[in-house]
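A.B. asks: Mind looking over this structure? Questions follow.
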Amino acid sequence: MTTILLIEQVLNGLQFGVMLFLMAAGLTLIFGVMGLINLAHGSLYMIGAFAAAAVAGATGSFVLALIASLVAAAAAGAIVELVVIRRLYDRDHLDQVLATFALILIFSEGTRWLFGSFPLFLDIPPALSGPVTLPGGIEYPLYRLVIIGVGLLIALGLFQLIARTRIGIRIRAGESDREMIAALGVDISKLYTLVFALGAGLAGLAGALVGAIQSVQVGMGEPVLILAFVVIVIGGIGSIRGALVGALLVGLTDTLGGVLLPGVFATFMEPAAATAVGSSLASMSIYILMAAVLLFKPTGLYGSA
Amino acid sequence: MKLKSLILAAGLAVFGTAGFADGHAAKVKVGMITTLSGGGAGLGIDVRDGFMLATKMAGNDNLEVVIEDDQRKPEIAVQLADKMIQSEKVDVMTGIIWSNLAMAVVPAATAQGKFYLSPNAGPSALAGKGCHPLYFNVAWQNDNLHEAAGAYANDAGYANSFILAPNYPAGQDALTGYKRMYEGELAGEIYTKLGQTDYAAEIAQIRASGADSVFFFLPGGMGISFLKQYAGSGVDLPVIGPAFSFDQGILQAVGEAALGVKNTSQWNKDIDNEANKTFVEAFQAEYGRLPSLYASQGYDTANLLLSAMDKASVTDPDAFRAALAEADFASVRGNFRFGSNQHPIQDFYVREVIKEGDVFTNKIIGASLTDHGDAYAAECSY
Numbered sequence: 436m437t438t439i440l441l442i443e444q445v446l447n448g449l450q451f452g453v454m455l456f457l458m459a460a461g462l463t464l465i466f467g468v469m470g471l472i473n474l475a476h477g478s479l480y481m482i483g484a485f486a487a488a489a490v491a492g493a494t495g496s497f498v499l500a501l502i503a504s505l506v507a508a509a510a511a512g513a514i515v516e517l518v519v520i521r522r523l524y525d526r527d528h529l530d531q532v533l534a535t536f537a538l539i540l541i542f543s544e545g546t547r548w549l550f551g552s553f554p555l556f557l558d559i560p561p562a563l564s565g566p567v568t569l570p571g572g573i574e575y576p577l578y579r580l581v582i583i584g585v586g587l588l589i590a591l592g593l594f595q596l597i598a599r600t601r602i603g604i605r606i607r608a609g610e611s612d613r614e615m616i617a618a619l620g621v622d623i624s625k626l627y628t629l630v631f632a633l634g635a636g637l638a639g640l641a642g643a644l645v646g647a648i649q650s651v652q653v654g655m656g657e658p659v660l661i662l663a664f665v666v667i668v669i670g671g672i673g674s675i676r677g678a679l680v681g682a683l684l685v686g687l688t689d690t691l692g693g694v695l696l697p698g699v700f701a702t703f704m705e706p707a708a709a710t711a712v713g714s715s716l717a718s719m720s721i722y723i724l725m726a727a728v729l730l731f732k733p734t735g736l737y738g739s740a
Numbered sequence: 024m025k026l027k028s029l030i031l032a033a034g035l036a037v038f039g040t041a042g043f044a045d046g047h048a049a050k051v052k053v054g055m056i057t058t059l060s061g062g063g064a065g066l067g068i069d070v071r072d073g074f075m076l077a078t079k080m081a082g083n084d085n086l087e088v089v090i091e092d093d094q095r096k097p098e099i100a101v102q103l104a105d106k107m108i109q110s111e112k113v114d115v116m117t118g119i120i121w122s123n124l125a126m127a128v129v130p131a132a133t134a135q136g137k138f139y140l141s142p143n144a145g146p147s148a149l150a151g152k153g154c155h156p157l158y159f160n161v162a163w164q165n166d167n168l169h170e171a172a173g174a175y176a177n178d179a180g181y182a183n184s185f186i187l188a189p190n191y192p193a194g195q196d197a198l199t200g201y202k203r204m205y206e207g208e209l210a211g212e213i214y215t216k217l218g219q220t221d222y223a224a225e226i227a228q229i230r231a232s233g234a235d236s237v238f239f240f241l242p243g244g245m246g247i248s249f250l251k252q253y254a255g256s257g258v259d260l261p262v263i264g265p266a267f268s269f270d271q272g273i274l275q276a277v278g279e280a281a282l283g284v285k286n287t288s289q290w291n292k293d294i295d296n297e298a299n300k301t302f303v304e305a306f307q308a309e310y311g312r313l314p315s316l317y318a319s320q321g322y323d324t325a326n327l328l329l330s331a332m333d334k335a336s337v338t339d340p341d342a343f344r345a346a347l348a349e350a351d352f353a354s355v356r357g358n359f360r361f362g363s364n365q366h367p368i369q370d371f372y373v374r375e376v377i378k379e380g381d382v383f384t385n386k387i388i389g390a391s392l393t394d395h396g397d398a399y400a401a402e403c404s405y
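Top line first, the protein sequences correspond to chains A and B. Number 539 in the working numbering belongs to position 104 of the first sequence; there are no gaps in the numbering. Number 348 in the working numbering belongs to position 325 of the second sequence; there are no gaps in the numbering.
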């Protein structure tokens, strides 16, 4: 394996990790602040992608499409929080899982009802399409570089929001003691709606960004949701920093595992068998990573006990 | 000897006419289990719509169809099959899209004496040792379209292909099928994860491999993702694949990225025969969209069943089976007959993705394999 190929694969891993972070950040905030398991987070990702595809189809503008994805997913998140989620905070985790699973089905069939059963078209804008040549002669798709940049900017913005602003202080306070901040006169239910909408908006944005290079279809959110749960378990539930580190770890492990493992097995096995064993093991690699992290740090890398 | 054959012939005639007379009266209840919600719903909806269009056009009152949604889940398909066999008491079953669901339902259904007509899935296990007299495949054996792609690669002069497919039985069948016909070298062979949506790592390997062509089997959303990312990567090796990643339902979502790509299929809307013309026009008039190959398979499945109903009664399984095996219907594919394992022997074409007005669609550019059966027929004995 050449160095160039390896660097390219590391970039791919980073890009995948950054996308996972956008999903995981909302999930970990919601889980950490409100103690809620939200299985419908993947549906919000899907809503973002569909809103973007619809707006891009109608106006032809990718920027408008991204804004639409944020707004639509945040609005859907806020409505869901007000109508359904609000009733679940004091309930058992199992009730939350049941209710949010029902939301997945409602959102999936609702989307099918609105947009039909066939995948929608959403393409990257011409200005961002095609490859660029990086120093060292690496050809890399420009759009993926942009995704890495946007994702890191959002991560930076979130850190600032949580660490420096009044809302951030309230979110952190809500995370550690929700009765106390309610007693101090903070409108906790408004705060929860806000956090939920923020997480939903991030998921929607991720859906739109990824939708441009993947397929926009019903059920696109569920595979990502599982990975996002792995990320927040590795990173530590409730920690934005943990979500970022966990997402990058998962992204890199998944990408590099898939590339390197078949090669490793090929050194002592037949090519066909090495491919089969290597790719099977690569699919397991992130779960092995998760198990290893939990073995040494049962609360995740940045989790508080 | 002579007397014996005479008696036999007379007996056959009596039973035959009885069956015939019965055939007009006997109702046939069809249980269709297909995927109408969730990820792969587009395929099931096309099969259903093609099937129902044919029954509507035939106007045969003796045909009753019960339709259920399997949600692409094997355990649900099994429950539905039990319900259809035990409480609905269907005579014929059809509709399943996915090979893993077919493997969960078909052996049990045929063992309980139900006919099964597959409008899509054609796993090798049901074509070879696991074949059954009541099981008919009206689409293809899973390997077929990939074999056609391998044959096309030879014709196009490709000598160093990079091949990839998801790591599950149909994916392994795909690469096996391609390699069965393809005579060149392999620059690389990758199994991706089922449901994978990001192919940056694989595309980087293709770029580094020095291949002269790429063959891929990535059905549904996986193929959309791969093609869009491949087009954006700057790798410009020719791509070939089976029709599944280029069907009418998903081409619009792939867009420009698919233009000019060669793919192999047993059907296209421009195959020149009366049945096909009628089908394409009627489908557009009924549903307001172009038919896909899945719709054509559903349509052929229904017409096969209707042709058998005209000849025999389903209450006489042997006669009904013989009537099905004759495949005496006007297939939209033109040339169509059953091999010894009741899988199709048919022609395969190479298609190219083109743009007609605003719509992306396919055009046939040549033949790939003619009168082609499958590699497992010899292993099948009833």
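Each residue gets a CB set at the ideal place from its N, CA and C atoms; glycine is no exception.
In the stretch 204 to 224 of chain B, which residues sit with their C-beta less than 8 Å from some C-beta in chain A, listed in chain order?
C.D. replies: The stretch 204 to 224 of chain B vs chain A, Cβ under 8 Å: 212, 213, 214, 215, 216, 218, 220, 221, 223 and 224.
A.B. asks: What residue ranges within the stretch 107 to 177 of chain B form continuous alpha helix (DSSP H) runs of no fewer than 4 residues, ordered along the chain?
C.D. replies: If we require 4 residues or more, the alpha helix (DSSP H) runs fully inside the stretch 107 to 177 of chain B come out as 122 to 134 and 147 to 150.
A.B. asks: Let me know if residue 468 of chain A comes out buried or exposed under the rule of 16 or more other beta-carbons within 10 Å of its beta-carbon.
C.D. replies: That one is buried.
A.B. asks: Rounded to the nearest angstrom, what separates residue 329 of chain B and residue 208 of chain B at their Cα positions?
C.D. replies: The straight-line gap from Cα to Cα measures roughly 46 Å.
A.B. asks: Say whether the stretch 148 to 157 of chain B touches the stretch 126 to 137 of chain B, bearing in mind that this needs 3 or more beta-carbon pairs closer than 8 Å, one atom from each stretch.
C.D. replies: Taking 8 Å as the limit for Cβ pairs, the verdict is that the stretch 126 to 137 of chain B does touch the stretch 148 to 157 of chain B.
A.B. asks: Less than 8 Å between the CB atoms is what I'm expecting for residue 256 of chain B and residue 576 of chain A, so what's the real figure, rounded?
C.D. replies: With 8 Å as the limit, residue 256 of chain B and residue 576 of chain A qualify as a contact, their Cβ atoms being about 6 Å apart.
A.B. asks: Nearest to residue 388 of chain B by alpha carbon, out of B/368, B/403 and B/283?
C.D. replies: The shortest Cα separation from residue 388 of chain B among B/368, B/403 and B/283 belongs to B/283.
A.B. asks: Select from B/381, B/383, B/363 and B/395 the residue whose C-alpha is nearest the C-alpha of residue 401 of chain B.
C.D. replies: The shortest Cα separation from residue 401 of chain B among B/381, B/383, B/363 and B/395 belongs to B/363.
A.B. asks: Start and end of the beta strand (DSSP E) containing residue 288 of chain B?
C.D. replies: Note, residue 288 of chain B: beta strand (DSSP E), 285 to 288.
A.B. asks: Alpha helix (DSSP H) containing residue 504 of chain A: first to last residue?
C.D. replies: Residues 497 to 518.
A.B. asks: Smallest Cα separation from residue 187 of chain B: which of B/76, B/103, B/178 and B/217?
C.D. replies: The shortest Cα separation from residue 187 of chain B among B/76, B/103, B/178 and B/217 belongs to B/217.
A.B. asks: Three Cβ pairs or more, each shorter than 8 Å: is that satisfied between the stretch 583 to 590 of chain A and the stretch 446 to 464 of chain A?
C.D. replies: The stretch 583 to 590 of chain A, when compared against the stretch 446 to 464 of chain A, does touch it at the 8 Å Cβ threshold.
A.B. asks: Taking only beta-carbon atoms, is residue 437 of chain A less than 8 Å away from chain B?
C.D. replies: Yes, residue 437 of chain A lies at the interface with chain B (some Cβ there is under 8 Å from its Cβ).
A.B. asks: Quick check on residue 710 of chain A - is its C-beta less than 8 Å from some C-beta in chain B?
C.D. replies: Judged by the 8 Å Cβ criterion, residue 710 of chain A is in contact with chain B.
A.B. asks: Taking Cβ-Cβ distances shorter than 7 Å, what residues in chain B pair up with residue 447 of chain A?
C.D. replies: The contacting residues are 223, 224 and 227.
A.B. asks: Where does residue 234 of chain B sit, in a helix, a strand or coil, going by DSSP?
C.D. replies: Here residue 234 of chain B sits in coil by DSSP.
A.B. asks: Straight-line CA distance for residue 384 of chain B to residue 274 of chain B?
C.D. replies: C-alpha separation (whole angstroms): 7 Å.
A.B. asks: Thinking C-alpha only, which one of B/310, B/242, B/90 and B/213 is nearest residue 286 of chain B?
C.D. replies: Taking only the C-alpha atoms, the option nearest residue 286 of chain B is B/242.
A.B. asks: Under 8 Å, do residue 571 of chain A and residue 439 of chain A count as touching if we go by C-beta distance?
C.D. replies: The answer is yes: Cβ separation under 8 Å.
A.B. asks: According to DSSP, simplified to helix, strand and coil, what is residue 376 of chain B?
C.D. replies: In the structure shown, residue 376 of chain B sits in a strand (DSSP, three-state: E or B).
A.B. asks: Give the residues of chain A in contact with residue 64 of chain B, contact being defined as C-beta atoms less than 8 Å apart.
C.D. replies: Near residue 64 of chain B (Cβ distances below 8 Å), the residues of chain A are 547, 552 and 653.
A.B. asks: Throw me the rounded Cβ distance for the residue 78 of chain B and residue 70 of chain B pair, which I believe falls under 8 Å.
C.D. replies: Incorrect: roughly 13 Å between the Cβ atoms, too far for contact.
A.B. asks: Pick out the complete alpha helix (DSSP H) segments inside the stretch 516 to 587 of chain A, 4 residues or longer, and give them in chain order.
C.D. replies: Correct list: 528 to 550.
A.B. asks: What residues from the stretch 570 to 588 of chain A come within 9 Å of chain B, judged by C-beta to C-beta, listed N to C?
C.D. replies: Those residues of the stretch 570 to 588 of chain A that come within reach of chain B (Cβ to Cβ, closer than 9 Å) are 574, 575, 576, 577, 578 and 579.
A.B. asks: Could you run through the stretch 265 to 296 of chain B and flag, in chain order, every residue whose CB is less than 7 Å away from some CB of chain A?
C.D. replies: Listed in sequence order: 272, 273, 275, 276 and 278.
A.B. asks: Taking Cβ-Cβ distances shorter than 8 Å, what residues in chain A pair up with residue 257 of chain B?
C.D. replies: Going along chain A in sequence order, the residues near residue 257 of chain B (Cβ under 8 Å) are 565, 566, 574 and 576.
A.B. asks: Considering only residues of the same chain and omitting the five flanking positions on each side of residue 45 of chain B, which have a CB-CB separation below 6 Å?
C.D. replies: Its pLDDT being 44, under 50, residue 45 of chain B is placed unreliably by the model, and the measurement read from it follows with that caveat. Once the five neighbours on either side are set aside, the close Cβ partners of residue 45 of chain B are 336.
A.B. asks: Closer than 8 Å, CB to CB, is residue 326 of chain B near chain A or not?
C.D. replies: False, the Cβ-Cβ gap to chain A never drops below 8 Å.
A.B. asks: So residue 555 of chain A contacts chain B; which residues on that side make the cut at Cβ distance below 9 Å?
C.D. replies: Chain B residues near residue 555 of chain A: 275 and 276.
A.B. asks: Could you list which residues in chain B have their beta carbon closer than 7 Å to that of residue 440 of chain A, in chain order?
C.D. replies: Result: 227 and 231.
A.B. asks: Please classify residue 47 of chain B as buried or exposed, where buried requires at least 16 other C-beta atoms within 10 Å of its C-beta.
C.D. replies: The predicted model places residue 47 of chain B with a pLDDT of 49, which falls under 50 and marks its position as unreliable, so this point remains unresolved.
A.B. asks: Specify, as a first and last residue, the run of the alpha helix (DSSP H) that residue 299 of chain B falls within.
C.D. replies: Here the alpha helix (DSSP H) through residue 299 of chain B covers 297 to 310.
A.B. asks: Between the Cα of residue 651 of chain A and those of B/277, B/76 and B/368, spot the shortest distance and give me the residue it belongs to.
C.D. replies: Answer by Cα proximity: B/277.
A.B. asks: Across which residues does DSSP place residue 214 of chain B in a beta bridge pair?
C.D. replies: B/188.
A.B. asks: Please classify residue 489 of chain A: does DSSP put it in a helix, a strand, or coil?
C.D. replies: Here residue 489 of chain A sits in helix by DSSP.
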